[in-house]
Structure formats: structure tokens, C-alpha cells
Amino acid sequence: MIEFKNVSKVYNNNVKALNDINVTIERGEFVFLVGPSGAGKSTFIKMLLKEIEPSTGSLVVNSTTLSEVKRREVPYYRRKIGMIFQDFRLIPTLNVYENVAFAMRVVEASPKEIRKRVPMVLSLVGLSHKYKMFPSELSGGEQQRVSIARALVNNPQVLIADEPTGNLDPETAHEIMALIDDINKAGTTVLMATHAKEIVNNMKKRVIAIEKGEIVRDEKRGRYEDENEYI
Ligand SMILES: Nc1ncnc2c1ncn2[C@@H]1O[C@H](COP(=O)(O)OP(=O)(O)OP(=O)(O)O)[C@@H](O)[C@H]1O
């Protein structure tokens, strides 16, 4: 469960990026976070990862109050969260297997556990046969699958995706969304920030729309909606 309680963020330059956000996301939900550029979506996500602190208010993620997580505990807290990005962020000098294994090494998983989990998640994303290849030898969709495997390998409760289809053609984007949907159906909470209107409208999931730092819409089975559509 994710809870924002009266959360505001004012950056040093006095930009108010989020203004009194109150929202609850239940375990197992699939939520799209939409809104124009500069609306505050990245700020929302960075707070969940404890990359930045709220100026006021508090956040709770799976019973952990983030303000109580000490600096040295942050890496352990982040194990609860898998993260995927538009630009994949794979390590170019490591092959597929090693990219995924690396995420387990940094949290000091045992070699035995690594040998068990990595093939399991590579199979889940359909890349078992490409485990020796390097990121530069893979298509964009395959690279995103590797990054999804890496996000899932430590068995997180929440998957956060920041514009995960932004660099993919529509067909590949559709395949990646089907994979993320399956992951959600298996129980992982998904929060996805996106500008991909078609995807949001096709999937009929909860949509939280942010504008100028405020939640302007929060609908179950929502739509992307943009005002210009109706002009
Ligand atoms: N580190 C920072 N310092 C100062 N202002 C910032 C900082 N990061 C973001 N902002 C400002 O906060 C506001 C919200 O930015 P944010 O990056 O959260 O928007 P966004 O919805 O993620 O946009 P996009 O869709 O373009 O990624 C913007 O006005 C931005 O300029």
C-alpha cells in the first residue's frame, strides 16, 4: 500500500512541484500517473524512491513511514520497489544475465539465490535464450524486457515505470504493456507515469492525473483525456 498524506514539495528555487497531495494506492492496484510535462510526476516518483524528501506531509509505503527510514537503510527500503525507465539504463559492458544478476549482487544475495532467480525472471520476460547477449545486440523491446527482469529479480512489492514505452514502436510497446499487465495480475502493484494516451485508454486502469502539482482527476477505469480532444 502506498499513501501520500498532505504531501507538498517546494524545490530550492521556490518551484512548488507538488501541492498537498493525498492519495492511497492499494496493494495489487495498477495505476497510471498522467499529466503534462512539468506537472510533478517525476517528483511524485522520486519521493516514493526516497530520492527526495517532501517539504511537508508524509509518505507510507507498505507499512514503512519514509521519513523514518535512515540514510543507511535506504538501499534496503528500495528493494521493495522495482524501477523501469524509458531509456532502459542497462550496463553496456555486462551481458543480459549479468545485468540482472548485478541487481541481486548489490543487495548481497547469495550466489545460490542468484543462480535460481536470474533464470526464473529471464524466462518470465521471454529472454532465456538471449542470456549471453549484450545490450547493444538487443532490440529496444528486448532491452526493456531485460530491465523489467532486473526490476523484478529481488521480488519487489511495487513496480514503478517511468514512461517505459517512450522509446518503443507501438507494437513493441503493446507487448511490453502486456508483460507489465501480467506482472500486475500476479500480484505486484504497478505505478506507471506516461504520456502514451492510447495505452492508457486501451487498458482501462485507474488513472491519476496531475496538473501543476495537484491531483485534478482520479478515476477507476479512467482515460488519458486531454482537453484539446474536445475542441
Ligand atoms: N531538482 C529540481 N529543482 C528545481 N525545480 C525542479 C526540480 N525538479 C523538478 N523541478 C520543477 O518541478 C516541477 C515538476 O517537475 P517534474 O519533473 O516532477 O514534472 P513531470 O510531470 O515529471 O514532467 P515530465 O513529464 O516532463 O517528466 C517543474 O516545474 C520542474 O521544473
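Numbering-wise, the sequence shown is residues 1153 to 1383 according to our numbering.
All C-beta atoms in this analysis are idealised placements derived from N, C-alpha and C, irrespective of residue type, glycine included.
Check: Please confirm whether residue 1318 and residue 1238 have their CB atoms less than 8 Å apart.; Outcome: yes
Check: My output table needs one value for residue 1311: the three-state DSSP class, helix, strand or coil.; Outcome: strand
Check: By Cβ distance below 7 Å, which residues in the same chain neighbour residue 1273 in space, the five residues on each side in sequence not counted?; Outcome: 1252, 1301, 1304, 1305
Check: Could you tell me which of 1370, 1376, 1203 sits nearest to residue 1177, measuring between CA atoms?; Outcome: 1370
Check: Tell me the rounded alpha-carbon separation between residue 1167 and residue 1186.; Outcome: 20 Å
Check: So, with DSSP's three-state summary, where would you put residue 1230?; Outcome: helix
Check: State whether the segment 1197-1214 contacts the segment 1154-1164, with contact taken as three or more CB pairs (one from each stretch) at a distance under 8 Å.; Outcome: yes
Check: Rounded to the nearest angstrom, what separates residue 1244 and residue 1223 at their Cα positions?; Outcome: 29 Å
Check: Contact defined as beta carbons within less than 8 Å: I believe residue 1341 pairs with residue 1181. What is the distance between those atoms, to the nearest angstrom?; Outcome: 6 Å
Check: By Cβ distance below 8 Å, which residues in the same chain neighbour residue 1233 in space, the five residues on each side in sequence not counted?; Outcome: 1200, 1201, 1213, 1308, 1309, 1310, 1311, 1312
Check: If you reduce the DSSP assignment to three classes, tell me which class residue 1168 lands in.; Outcome: strand
Check: Just the C-alpha distance for residue 1343 and residue 1357, rounded to the nearest angstrom, thanks.; Outcome: 11 Å
Check: Is it the case that the Cβ atoms of residue 1316 and residue 1295 are separated by a distance below 8 Å?; Outcome: no
Check: Identify which residue in 1164, 1163, 1174, 1165 has its Cα closest to the Cα of residue 1362.; Outcome: 1174
Check: Helix, strand or coil: how does DSSP classify residue 1291 here?; Outcome: coil
Check: Using a threshold of 7 Å, is the CB atom of residue 1164 nearer than that to any non-hydrogen atom of ligand 1?; Outcome: yes
Check: Write down every uninterrupted run of the beta strand (DSSP E) in the segment 1166-1218 whose length is 3 residues or greater and which is fully enclosed by it, in chain order.; Outcome: 1168-1177, 1182-1186, 1208-1213
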